[in-house]
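Take the sequence shown: its position 126, counted from the start at 1, is 126 in the UniProt record's numbering, and no numbers get skipped.
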Amino acid sequence: MHTDNLDQQRKSHSFGQEQKRPGEARTLIVIVITGLMMIVEVISGVVFGSMALLADGLHMGSHAAALSINAFAYVYARRHARDERFAFGTGKVNTLGGFVGAILLSGFAFVMVWESLSRLSSPVAIAFDQAIFVAVLGLIVNGASVFILGHHGHPDHGGNPGIDSGTNIHGQGPAPVFNHQIHHDHNLLSAYLHVLADALTSFLAIFALLAAKYFGLIWADPAMGIIGAVLVARWSFGLLRSTALILLDREGPEDLRDRIKQSIESHDDNRVTDLHVWAVGPNIYSAIVSLVTHHPKLPDSYKDLMPVDQRIVHLVVEVNACDNKD
1 MHTDNLDQQR KSHSFGQEQK RPGEARTLIV IVITGLMMIV EVISGVVFGS MALLADGLHM
61 GSHAAALSIN AFAYVYARRH ARDERFAFGT GKVNTLGGFV GAILLSGFAF VMVWESLSRL
121 SSPVAIAFDQ AIFVAVLGLI VNGASVFILG HHGHPDHGGN PGIDSGTNIH GQGPAPVFNH
181 QIHHDHNLLS AYLHVLADAL TSFLAIFALL AAKYFGLIWA DPAMGIIGAV LVARWSFGLL
241 RSTALILLDR EGPEDLRDRI KQSIESHDDN RVTDLHVWAV GPNIYSAIVS LVTHHPKLPD
301 SYKDLMPVDQ RIVHLVVEVN ACDNKD
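And the structure:
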């Protein structure tokens with residue numbers, strides 16, 4: 001009887017989120033590097049009486065805290081991937097981590113503008129040699145962090161590059177769970193933008209400090225701060241928009257929706273009457289398809305029409321028989 005094999009019929013909703021993501025390890029490495037540099041700069045600032053070193057150390061500490069949120073999102077999503085209380089898995093936890101990171105990045109941009117404007121109106125004395133040393137040190141550390149977070153790694157062996165195994169939409173065999181690049185993993189993108197923003201501010205600071213030291217352009221330092229803040233704000237707002245749309249279940253990419261519709265309507269006289277596609281994780285989607293046909297079949301027959309490379313990990317098909325014989 002069908003009641004004897006219910007476990008075989010039940011679908012997994014982890015969608016590969018229980019696997020450790022490359023971005024998790026990279027983020028943890030960057031947190032360690034940033035934390036160690038923070039300790040060195042704070043201790044050096046206290047011992048040598050350098051406010052520049054102390055301030056930059058505390059600044060790095062704030063970014064280490066922000067990166068810790070991204071790391072927490074990875075760990076939480078992985079450990080709760082099989083928790084049935086999450087209807088479509090924990091994939092959106094990473095998106096939520098990216099959203100929170102974007103908010104913090106926006107706050108960082110606001111602080112940069114505020115501090116720069118205050119220094120334009122009330123210039124302060126700058127210890128150029130110490131400040132340049134700190135900026136160069138920060139650029140080296142943040143440059144290394146940018147490389148670590150931006151490195152894509154290597155494709156998996158045995159099978160298609162960039163695809164892991166999971167449970168497919170038919171419940172039979174492996175399904176595509178894509179190893180997302182950085183633009184698909186909003187949590188990793190958030191961490192990446194944090195260290196990229198730090199690297200950018202360090203680079204602009206070096207340029208401005210040299211201009212102020214050798215050409216007397218004191219205004220260059222706060223001016224570069226404003227330029228850097230504008231760029232950081234633009235990055236953060238872009239990330240805020242993309243993550244917010246996913247968290248609000250906006251429809252998936254139009255090309256993906258068109259391919260799903262075409263795969264159904266290219267057989268018999270099938271016509272799609274309702275279609276919803278939304279993200280349930282980094283570059284993976286769930287879909288609900290309602291169709292009408294003169295030749296109704298079992299739902300699995302229509303699921304078999306879907307190419308496996310369409311990133312659909314959870315598909316529900318509603319079949320309606322057409323009463324009109326014309």
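For each residue, glycine too, the CB sits at the ideal point set by N, CA and C.
DSSP bridge partner residues for TYR285 (one or two, in chain order): Working through the sequence shown from its first residue, we reach residue 285 at position 285. In DSSP, TYR285 forms a bridge with ALA279 and ILE312.
Opposing strand residues paired with THR34 [DSSP bridges]: Taking the sequence shown and counting its residues from 1, the one referred to as residue 34 is at position 34. Beta bridge pairing from DSSP links THR34 with no other residue.
Counting along the chain, where does the alpha helix (DSSP H) carrying VAL124 start and finish? Along the sequence shown, read from residue 1 onward, the residue named residue 124 stands at position 124. For VAL124, no alpha helix (DSSP H) run applies, since DSSP gives it neither H nor E.
Check the DSSP bridge columns for residue 337 and list the partner residues they point to. With the chain represented from 1 up to 326, any question about residue 337 goes unanswered, as that position is not in the structure.
Thinking LEU139 and ILE206 are a contact (beta carbons under 8 Å), I'd like their distance in whole angstroms, please. As a working mapping, residue 139 is identified with position 139 in the sequence shown. As a working mapping, residue 206 is identified with position 206 in the sequence shown. About 7 Å separates the CB atoms of LEU139 and ILE206; that is less than 8 Å, so the two are in contact.
For ILE246 versus LYS92, is the C-beta spacing smaller than 9 Å? Mapped onto the sequence shown, residue 246 falls at position 246. Mapped onto the sequence shown, residue 92 falls at position 92. Going by C-beta atoms, ILE246 is nearer than 9 Å to LYS92.
Using the beta-carbon count (16 or more within 10 Å), is THR201 buried or exposed? Here the question's residue 201 lines up with position 201 in the sequence shown. Only buried fits THR201, as 16 or more other CB atoms lie within 10 angstroms of its CB.
In whole angstroms, give me the CA-to-CA distance for ASN270 and VAL289. Here residue 270 refers to the residue found at position 270 when the sequence shown is read from its first residue. Here residue 289 refers to the residue found at position 289 when the sequence shown is read from its first residue. Going by the C-alpha atoms only, they are around 12 Å apart.
Suppose you measure from the CA of LEU120 to the CA of LEU240; what does that come to, to the nearest Å? Within the sequence shown, numbered from 1, the residue matching residue 120 stands at position 120. Within the sequence shown, numbered from 1, the residue matching residue 240 stands at position 240. LEU120 and LEU240: Cα-Cα distance of roughly 30 Å.
In this structure, how does DSSP classify THR273 when only helix, strand and coil are distinguished? For the purposes of this step, residue 273 is taken as residue 273 along the sequence shown, with counting starting at 1. It is a strand residue.
Within the same chain, show all residues whose beta-carbon is closer than 7 Å to that of ASP323, passing over the 5 residues directly before and after it, in chain order. Against the sequence shown, residue 323 aligns to sequence position 323. Nothing listed; no residue qualifies.
Thinking C-alpha only, which one of ASP56, PRO222 and PHE215 is nearest GLU41? Numbered from 1 along the sequence shown, position 41 holds the residue referred to as residue 41. Of the candidates ASP56, PRO222 and PHE215, the one whose C-alpha sits nearest the C-alpha of GLU41 is ASP56.
I'd like to check one pair, ASN142 with ASN70: are the Cβ atoms closer than 9 Å? Numbered from 1 along the sequence shown, position 70 holds the residue referred to as residue 70. Numbered from 1 along the sequence shown, position 142 holds the residue referred to as residue 142. Result no, Cβ atoms of ASN70 and ASN142 do not sit closer than 9 Å.
Cβ distance (whole Å) where TRP278 is taken to contact GLY252 below 8 Å: Stepping through the sequence shown from its first residue, residue 278 is reached at position 278. Stepping through the sequence shown from its first residue, residue 252 is reached at position 252. At roughly 6 Å, the Cβ-Cβ gap stays under 8 Å, so TRP278 and GLY252 are in contact.
Go to LEU240, then tell me how far its alpha helix (DSSP H) extends in each direction, as first and last residue. Walking along the sequence shown from the start, residue 240 turns up at place 240. Residues 220-247.
As assigned by DSSP and simplified to three states, the class of LYS20: Here the question's residue 20 lines up with position 20 in the sequence shown. In the three-state reduction of the DSSP assignment, LYS20 falls in the coil class, being assigned neither a helical nor a strand state.
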